[in-house]
Amino acid sequence: MWISLIGFMGSGKSTVARLLGERALLPVVDLDREIVRREDASIGVLFRERGEAGFRAAEFAAMDSLPPQADLVIACGGGLVTTPAAVTLMRDRGSVIWLDAPWETLRTRLAAAAQAGDDRPLLASRDWDAARALDASRRPLYARAADFRVRTDQTAPDITARRVLTRHVAWQRQRAVAGL
Ligand code: S3P
476 MWISLIGFMG
486 SGKSTVARLL
496 GERALLPVVD
506 LDREIVRRED
516 ASIGVLFRER
526 GEAGFRAAEF
536 AAMDSLPPQA
546 DLVIACGGGL
556 VTTPAAVTLM
566 RDRGSVIWLD
576 APWETLRTRL
586 AAAAQAGDDR
596 PLLASRDWDA
606 ARALDASRRP
616 LYARAADFRV
626 RTDQTAPDIT
636 ARRVLTRHVA
646 WQRQRAVAGL
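476 is the number of the first residue of the sequence shown in the numbering used here; add one for each residue after it.
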């Protein structure tokens, strides 16, 4: 069964996925890295050469290529929820967890990452008002896609990972009781 972590850029998906994988002894797939490996091109190059729609197609293809029955933790890119087929896929194959933090926290983390030279084409202009609007526009998509939401600004990442695992196990039990 997949455990898919969704949420805006900077919400902590990659960090929590790694810690969750260690804790639950599950392999972790960072979808951005998987795209780069499959396409043999950076996220920046994919956006530039294929546009956002081309990147989204590569992103969906990367998720669709993952083994359907495998036990996996997946750190999804922040925009994957804008592809409805990807949401259907992740919901069909396991639990979907929204990692969330208030905009100010996200902005602080993203500004630090930008300073360190990350490869996020949607933040290349450092237009934080536009980024905030993007976060606001995506929140309903995260809410609709997720089975539950866990905040990442109130606890250390390893505690957050533990919380995610506890919620996932409870979700799995409920489904088993319901015969799903
Ligand atoms: C994107 C988020 C990025 C990456 C790409 C687009 C987005 O992943 O997939 O730059 O549209 O929000 P992270 O959320 O891991 O930064």
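C-beta: ideal position from N, C-alpha, C; glycine also. Remember, predicted model here, so these are calculated numbers, not experimental data.
Cβ-heavy atom distance, residue i to the ligand S3P, below 7 Å
{"i": "L495", "result": "no"}
{"i": "L597", "result": "yes"}
{"i": "I518", "result": "yes"}
{"i": "S612", "result": "no"}
{"i": "M565", "result": "no"}
{"i": "S600", "result": "no"}
{"i": "M484", "result": "yes"}
{"i": "G654", "result": "no"}
{"i": "D507", "result": "yes"}
{"i": "G487", "result": "no"}
{"i": "G552", "result": "yes"}
Distance, residue j Cα to residue i Cα
{"i": "S486", "j": "W573", "result": "9 Å"}
{"i": "S489", "j": "G654", "result": "32 Å"}
{"i": "V556", "j": "A587", "result": "25 Å"}
{"i": "F535", "j": "T558", "result": "8 Å"}
{"i": "A492", "j": "P632", "result": "10 Å"}
{"i": "T583", "j": "A651", "result": "40 Å"}
{"i": "P543", "j": "A561", "result": "13 Å"}
{"i": "A608", "j": "M484", "result": "13 Å"}
{"i": "R513", "j": "A537", "result": "7 Å"}
{"i": "A576", "j": "P615", "result": "14 Å"}
{"i": "G553", "j": "G482", "result": "5 Å"}
{"i": "A528", "j": "A599", "result": "17 Å"}
Terminal residues of the alpha helix (DSSP H) in which residue i lies
{"i": "R582", "result": "578-590"}
{"i": "D507", "result": "506-514"}
{"i": "G654", "result": "Neither: G654 is in no alpha helix (DSSP H) and is coded neither H nor E."}
{"i": "L616", "result": "603-620"}
{"i": "F522", "result": "518-539"}
Span of the beta strand (DSSP E), counted from its first residue to its last, around residue i
{"i": "R493", "result": "Unbroken run through R493 is the alpha helix (DSSP H), 488-499; no beta strand (DSSP E)."}
{"i": "V571", "result": "569-575"}
{"i": "L547", "result": "547-550"}
Whole-number beta carbon distance between residue j and residue i, since they are thought to touch under 8 Å
{"i": "L495", "j": "I549", "result": "Between I549 and L495 the Cβ distance is about 10 Å, and since that is not below 8 Å, they are no contact."}
{"i": "W646", "j": "D628", "result": "With 8 Å as the limit, W646 and D628 do not qualify as a contact, their Cβ atoms being about 22 Å apart."}
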